[in-house]
Structure formats: structure tokens, C-alpha cells
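Please read the structure below before turning to the comments.
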Ligand code: S3P
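Numbering (our numbering), first residue to last: 2 to 177.
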């Protein structure tokens with residue numbers, strides 16, 4: 002396993018810390034940081050929440066897949082934070098494992114619920130985020146597991162601690 006010339010791809014549920022950790026990690030590694038949700042919002046001029054509410058989840062997933070694959074096809078090695086549902090699509094999963102070293106930021110639904118409470122609007126969580134996060138975690142864990150080269154447990158840890166942990170694991174590899 003090596004990260005030379007490859008992207009570091011962060012996967013995990015919403016609230017797992019991908020954007021915060023990814024930003025800091027990119028700075029520590031001297032790499033560009035790309036957040037696929039932010040890229041999609043910049044490309045369309047609309048928020049992810051608005052895209053899902055107005056066009057439906059299936060349309061959002063098609064747009065998300067285009068962005069994920071275009072970002073991963075970029076030859077400049079970056080740290081890439083993916084939307085929590087990007088792993089649903091088998092072609093996205095294949096692109097992640099080919100183009101990157103994949104790091105799963107894992108957290109339990111109880112902790113995710115606390116973290117998403119203060120974040121942006123997430124239409125997929127509905128009226129009861131705890132129920133939705135539990136169901137989504139059950140659905141998706143096998144896909145996160147499938148793509149992950151590295152699994153980092155984030156429960157009870159600050160973003161700084163998670164960044165340090167990921168950087169330590171990566172430094173055991175050749176980071177180019
Ligand atoms: C989603 C996660 C969100 C965003 C969208 C759908 C999901 O990204 O892509 O709201 O299905 O888990 P974050 O994981 O960055 O919150």
C-alpha cells in the first residue's frame with residue numbers, strides 16, 4: 002500500500018469529519034484539498050440540500066458520480082473528501098480503489114447525530130436523524146469496509162486527534 006502519486010480519499014457517514022479532517026490533512030501533507038460536495042455546489046451554483054430537495058436523490062447521485070469520477074481522474078494527488086453516500090455507486094467505489102488510498106472515518110450513529118445537529122441542512126435525515134443515521138450506517142458499512150485501505154475510529158476524538166492519527170498511518174506509507 003502506498004500513497005505516492007495517489008489521492009488520499011476520505012469516506013464515511015455524514016458527520017464523520019471528512020471535510021474538517023480532510024482540510025487539515027491536506028495542509029499537513031502539502032496537497033490540494035477537494036470536497037466533492039463543495040465542488041458540486043460550485044459547479045451547479047446550488048446547495049446539495051437544494052439539489053436533493055428540488056431534483057430528488059437519484060438526480061443528485063448522478064451529479065455526484067460525475068463529480069467523484071472527475072475529481073479522482075485528476076492526476077495531481079489530492080486529499081479528497083467524498084459525500085457520505087458516494088460509496089453506494091459501484092462505479093464510484095471502483096474509481097476510489099483504483100485512484101486512491103481510501104481512509105474510512107468511522108463513527109457510531111449516536112456520535113454522528115450530535116455532530117450533524119450543528120452542521121448544514123441534510124434533507125436525507127428527515128425528522129429523526131438518529132433513526133436515519135442508524136439505518137444508513139447499517140446499509141453502508143459494508144461498502145465503506147469494501148473500499149477502505151485504512152479504518153480510523155473517530156468516536157470521542159477531536160478533528161486534530163483524527164488528523165494526527167491518519168497522518169501517522171500514512172507516514173508509515175510513502176507519501177508522495
Ligand atoms: C449524503 C452526505 C452529504 C451529502 C448529501 C448526502 C449522504 O455529504 O453528500 O447530503 O447520503 O450521506 P457529507 O457526508 O459530507 O455530509
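Just so it is clear, CB atoms sit at the ideal spot from N, CA and C, and this is done for glycine as well.
- Contact annotation: residue 81 and residue 73 have beta-carbon atoms nearer than 8 Å.
- Inclusion of residue 148 and residue 103 in the CB contact set at 8 Å is warranted, their separation being smaller than that value.
- About 14 Å separates the Cβ atoms of residue 18 and residue 134, ruling out a contact at the 8 Å cut-off.
- Comparing C-alpha distances from residue 35 to each of 71, 99, 110 shows the shortest one belongs to 71.
- Under the 10 Å beta carbon count, residue 143 is surrounded by fewer than 16 other beta carbons and is classified as exposed.
- Here residue 10 has 81, 97, 101, 103 as same chain residues with Cβ atoms under 6 Å from its own Cβ, once five neighbours each way along the sequence are excluded.
- Here residue 160 is near residue 22, since their CB atoms are less than 8 Å apart.
- At a Cβ-Cβ threshold of 8 Å, residue 155 and residue 163 count as neighbours.
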